[in-house]
Amino acid sequence: MKRLFPILSIVAAVLLAYALYRALVVAPADAQQGEVYRIIYYHVPSAWTAFLLFFINFVASIQYLVNGKPAAKSAAKWIVIAIGIMGVVAAFLPAVQRQLAAIGMLPSAMATTVLAIPAFYFLIGKWFPGQKLDVLAVTTAEVGVVFCTIVLVTGPIWARPVWGIWWAPGDIRLTSTLVLWLIYVSYLVLRRFSNSAQTQMLAAALAVFGALDVPLVYFSIWFFRTQHPQPIIGGSSGGSIDPRMLDTLVISWMAFLLFAFLVCWSRFRLELLQREVEEGYAMESLAGSAETKSSLNERAVNRTPVERRAV
Amino acid sequence: MTFASVALATLKKDIRLEWRSKDALNSMLFFSLLVVVIFVFSFDPLAEESRHIVGGLVWVAFLFAAVVALNQTWARELRNQVLDAYRVSPAPANALFLAKAVGNFIFVGVLEALMAPLFVIFYNLHVLGPAWQLIPVAMLGTWALVVNGTFFAAMSVRTRSREIMLPLLLFPISIPAVIAMVAATTSILTGEDSAHFYIVLLLTYDVVFTTASLALFETILHAE
Chain A
185 MKRLFPILSI VAAVLLAYAL YRALVVAPAD AQQGEVYRII YYHVPSAWTA FLLFFINFVA
245 SIQYLVNGKP AAKSAAKWIV IAIGIMGVVA AFLPAVQRQL AAIGMLPSAM ATTVLAIPAF
305 YFLIGKWFPG QKLDVLAVTT AEVGVVFCTI VLVTGPIWAR PVWGIWWAPG DIRLTSTLVL
365 WLIYVSYLVL RRFSNSAQTQ MLAAALAVFG ALDVPLVYFS IWFFRTQHPQ PIIGGSSGGS
425 IDPRMLDTLV ISWMAFLLFA FLVCWSRFRL ELLQREVEEG YAMESLAGSA ETKSSLNERA
485 VNRTPVERRA V
Chain B
19 MTFASVALAT LKKDIRLEWR SKDALNSMLF FSLLVVVIFV FSFDPLAEES RHIVGGLVWV
79 AFLFAAVVAL NQTWARELRN QVLDAYRVSP APANALFLAK AVGNFIFVGV LEALMAPLFV
139 IFYNLHVLGP AWQLIPVAML GTWALVVNGT FFAAMSVRTR SREIMLPLLL FPISIPAVIA
199 MVAATTSILT GEDSAHFYIV LLLTYDVVFT TASLALFETI LHAE
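First to last, the sequence lines map onto chains A and B.
Mapped onto this note's numbering, the consecutive letters of the first sequence carry residue numbers 185 to 495.
Mapped onto this note's numbering, the consecutive letters of the second sequence carry residue numbers 19 to 242.
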């Protein structure tokens, strides 16, 4: 495992460089926007990565909340299974198929996407038991905010020459991404400001509230017309995109995903180590208090917050 | 002690406390009065323009004022370890939550009833749409602010610098509700659009977040 990290880092660096080369040199200029459009090779993969990380954060938070409550846990399990089954069935209903065809999406693509929800749910529950769920939640929220910031910065840079404005207020995608970013920044602020044992529960609850909020934001600006370009990838009517562009976008996304994975990995290990150290301090002071209560009282003035909590 | 009697007792206690001290209500009233006066100075609009902006101003004033009341909801219980007593008592946690939320709803509702005439006077308002719809919008909007506010106040009371923490948590989550409240109020005042869609949206928001709060409040209260 220890050798895997440097190897993957080199792979990620090479892949990012290759993606940049493809984005700037290989991919042809856009028919209408010219060279400006090339920023999508950073904008779109960042957005997909950020949304994926926030989704993992949401799943980890749910798992953390139901952990240790058998009734809630089995209820959550069956809800997730029901979502998976209903999504797959719905994808092949004629009415839904017409809707999907309108945005150029194959039913099988939707079914696979929906199936990812239970898959993620069970794999995360299996691979990250107990406190590791919370460590995963911190990690994905932090890295997700970074990628979401990239999206919000590259978006206006592109919009200014193409739309003539930096920001389109009331646009459905722009507003929901911004609100998502705000929610996760408040999530990180909450974690930063409450360094006690309750933080994990509070943060998990906030993540659930945030996830409930995003669809409502989406509907609240339903009436406004969206200026954001519609996706033209992954559909049956995808004839309008040059294959070189599509390849570049996918390679770029792979590079971003690998990069995000590596950052998450090292952040995850760092957080685990930090908790181990804190636990060590706490155990030490507990042992100390059992042995010599009087000497601990002398130290009470200089105790770190961790030790103080343990006593 | 049943669910209803616990909730009713807590609500009565909160209202009695507020009636005797009038802490929350007075500070909210004066705060929103200041907001109104500052807005009047900074915009000075014509009657026609004011119809388009007052929806936003009203709700910004109420949102900021509500935070004042919400911050005191649980901070009040920290004195003499009342909150710890709640946590060890066998009383249902959701009864406590509902009582607090209804109490805040009443306080903010009183504030709105007192402040609404001031907005009419300062901005020369004349409603062009169906005015009665402002009542459901106000009630649903207030509940949307208050139910999440009570929940997040219970969260922020556990953190350092809790007074600052509440708006930081509450405002991002409230954005869809605020959009709906402002859009509904503006469309009623100007009479240009139907507010129907936004009232339904507010109702959805209220149902979703009341359910979520009730489902998670016990976890938050007992989080250790």
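All C-beta atoms, glycine included, are put in the ideal place defined by N, C-alpha and C.
All values derive from a computational prediction rather than experimental measurement.
Residue-level contact check: A:G394 touches chain B, since one or more beta carbons of chain B fall below 9 Å from its beta carbon.
Under the three-state reduction of DSSP output, A:D426 falls in the coil class, being neither helix nor strand. For the stretch 188-249 of chain A, the full-length alpha helix (DSSP H) segments reaching 4 residues or more read 188-205 along the chain. In this structure, the beta-carbon distance from B:V225 to B:A113 does not fall below 9 Å. For A:T338, the uninterrupted alpha helix (DSSP H) segment begins and ends at Q315 to W347. Neighbours of B:L88 across chain A, judged by C-beta separation under 7 Å, do not exist; the nearest C-beta is about 15 Å away. Only residues of its own chain outside the window of five on either side were considered, and among them D41 and A42 have a CB closer than 7 Å to the CB of B:Q90, listed in chain order. Annotated three-state conformation of B:R34 is helix, per DSSP. Counting other Cβ atoms within 10 Å of its Cβ, A:Y205 stays below 16 and is therefore classed as exposed. Taking C-beta atoms under 8 Å as the contact rule, B:M46 and B:V86 qualify, at a distance of about 5 Å.
Distance from the CA of A:M270 to the CA of A:T359, rounded to the nearest whole angstrom, comes to 29 Å. In the structure shown, the three-state DSSP call for B:E95 is helix. Here B:V106 is exposed: its Cβ has fewer than 16 other Cβ atoms, across all protein chains shown, within 10 Å. Of all residues in the stretch 178-212 of chain B, only R178, S179, M183, L186, L187, P190, I191, I193, P194, I197 and A198 come within less than 7 Å of chain A when Cβ atoms are compared, listed by chain position. The alpha-carbon of A:A321 is positioned some 20 Å away from that of B:L186. Below the 9 Å Cβ cutoff, chain A contributes S378, S380, Q382, T383 and L386 as neighbours of B:R176, in chain order. The contact set of A:I367 on chain B, defined by CB atoms closer than 8 Å, consists of P190 and I191 in chain order.
The shortest C-alpha to C-alpha distance from A:A275 to any of A:P291, A:L456, A:A196 and A:I265 is the one to A:P291.
Listed by position along chain A, the residues whose Cβ is nearer than 8 Å to that of B:F227 are F393 and L396. Counting the other Cβ atoms within 10 Å of the Cβ of A:H227 gives 16 or more, which makes it buried.
Shown here, A:E455 sits in a helix according to DSSP, grouped into three states.
DSSP places B:R180 in the uninterrupted alpha helix (DSSP H) bounded by R180 to T208.
Following the DSSP letters along the chain, one finds A:G309 inside the alpha helix (DSSP H) bounded by residues P291 to W311. Interface with chain B (9 Å Cβ-Cβ cutoff): A:S370 is included. When the five nearest sequence neighbours on each side are left out, the beta carbons in the same chain lying within less than 8 Å of the beta carbon of A:F304 are those of F239, I240 and V243, in order along the chain. Straight-line spacing of the CA atoms in B:L132 and B:L51 works out to 10 Å. Remark: C-beta atoms of A:S245 and A:A444 do not approach each other more closely than 9 Å.
For the pair B:P110 and B:N166, the Cα-to-Cα distance works out to about 19 Å. Burial of B:I191 is indicated by the presence of at least 16 other C-beta atoms within 10 angstroms of its C-beta.
Proximity to B:V54 across B:H240, B:P135, B:M157 and B:I197 peaks at B:P135, based on C-alpha coordinates.
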